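Reading through the structure tokens given below for one structure.
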Amino acid sequence: MRFFVDTANTEDVKKANDMGIICGVTTNPSLIAKEGRDFSEVIKEIASIVDGPISGEVKATTTDASNMISEGREIAAIHPNMVVKIPMTAEGLKAVKVLNAEGIKTNVTLVFSAAQALLAARAGATYVSPFLGRLDDISMPGIDLIRDIMEIFTQHGIETEIIAASIRNPIHVIDCAKAGADIATVPYGVLAQMIRHPLTDQGIDKFVADYKAVFGE
Ligand code: E4P
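For what it's worth, our numbering labels the leading residue of the sequence shown as 9, then goes sequentially.
Quick look at the structure:
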């Protein structure tokens, strides 16, 4: 399983990229709004940091296919690594079909059922993004959705990649890896949690103490 970082914060993108642990970035309208910066300015800055797929979503207020298609073309023109993120609606599927035919990569987002994932794949989506955490939030096990989509895509030889999204903690990450998700898009804070272990910290402290006791500073 590969990692994307799920953020529009360029400092967090840089920190994750510098460690060599991510190979792409996902953003969404809420993450862009949180930064309070111009969409294309943020995306260009991210593209200058990470050499990999960068998902940029059509405007939250765009609901019809023809506007999603024209916005999708504009997003794709920002940088060759751009992936156009499209919400899972009937109009979204129409937009995916057209953009895919033009060679533009798409990421169908807000996927909450295996049926939605299958339709998105058949429309030509490069990626589907099932949202784990938001299902857990309503007491429906999100990991079951990742497993179901994985099983269906494997059984039918579907090449659309699964980006496990709405990841809230390191256990989500490990469950997604075990389920076979192609990619997990993870907030920087969760990546940071994954790095640390109390026994690693204790081990480092002990090595330092033992070294200093014999060799000094
Ligand atoms: C996915 O691409 C979304 O940006 C993201 O994972 C949503 O996560 P949230 O449910 O924590 O907002």
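Even glycine gets a Cβ: it sits at the ideal position worked out from N, Cα and C. In this text the structure is predicted, and so the values were computed from the model without any measurement.
Top-ranked residue by Cα proximity to residue i, from the options
i      : options                           : result
Ile57  : Glu65, Asn75 and Cys31            : Cys31
Ala228 : Ala68, Ile179 and Ala55           : For the chain, the structure presents residues 9 to 225; residue 228 sits outside this window and is missing.
Ile170 : Gly150, Asp72, Ile151 and Ile191  : Ile191
Pro195 : Gly211, Asp26 and Thr34           : Thr34
Ile62  : Met90, Asn17 and Glu159           : Met90
Ala131 : Thr162, Ile157 and Thr168         : Thr168
Val106 : Leu127, Ala133, Ala24 and Leu199  : Ala133
Asn36  : Val13, Gln163 and Gly188          : Val13
Ile29  : Gln210, Val198 and Thr208         : Val198
Ala128 : Met148, Ile160, Asp152 and Pro149 : Ile160
Glu110 : Arg81, Pro88, Ser121 and Ile157   : Arg81
Asn17  : Gln210, Glu99 and Glu43           : Glu43
One or two residues paired with residue i in a DSSP bridge
i      : result
Lys227 : No answer is possible for residue 227: the residues shown for the chain start at 9 and end at 225.
Glu169 : Tyr135
Val194 : Val13
Thr34  : Asp14 and Ser63
Residue range of the unbroken alpha helix (DSSP H) whose run includes residue i
i      : result
Ala24  : Thr18 to Asp26
Pro206 : Pro206 to Phe223
Asp144 : Leu140 to Asp145
Thr162 : Gly150 to Gln163
Ile30  : Note, Ile30: premise wrong, no alpha helix (DSSP H); not H, not E.
Gly100 : Ala98 to Ala109
Val58  : First-last for Val58: undefined, no H or E at that position.
Pro81  : The amino acid occupying residue 81 in the given sequence is Arg; Pro does not appear at that position. That run of the alpha helix (DSSP H) goes Ala73 to Ile86.
Endpoints, beta strand (DSSP E) assigned at residue i
i      : result
Ala189 : No beta strand (DSSP E) contains Ala189, which DSSP labels as neither H nor E.
Phe10  : Phe is not the amino acid found at residue 10; the sequence shown has Arg there. Counting along the chain, the beta strand (DSSP E) containing Arg10 begins and ends at Arg10 to Asp14.
Cutoff 7 angstroms: residue i Cβ touching any chain B Cβ
i     : result
Asn75 : Among the chains in the structure shown there is no chain B, since it carries only a single protein chain.
Query raised in the report: Counting pairs of beta carbons, one from the segment 92-100 and one from the segment 115-123, are three or more of them closer than 8 angstroms?
Result: Segment contact: the segment 92-100 against the segment 115-123, three or more CB-CB distances shorter than 8 angstroms; contact assigned.
Query - the segment 173-185 in contact with the segment 130-147 per 3-pair CB rule at 8 angstroms - result: In short, these stretches touch, since the Cβ pair count reaches three.
Report task. Could you tell me whether the segment 70-77 touches the segment 33-49, using the rule of 3 or more Cβ pairs below 8 angstroms? Result -> The segment 70-77 is not in contact with the segment 33-49.
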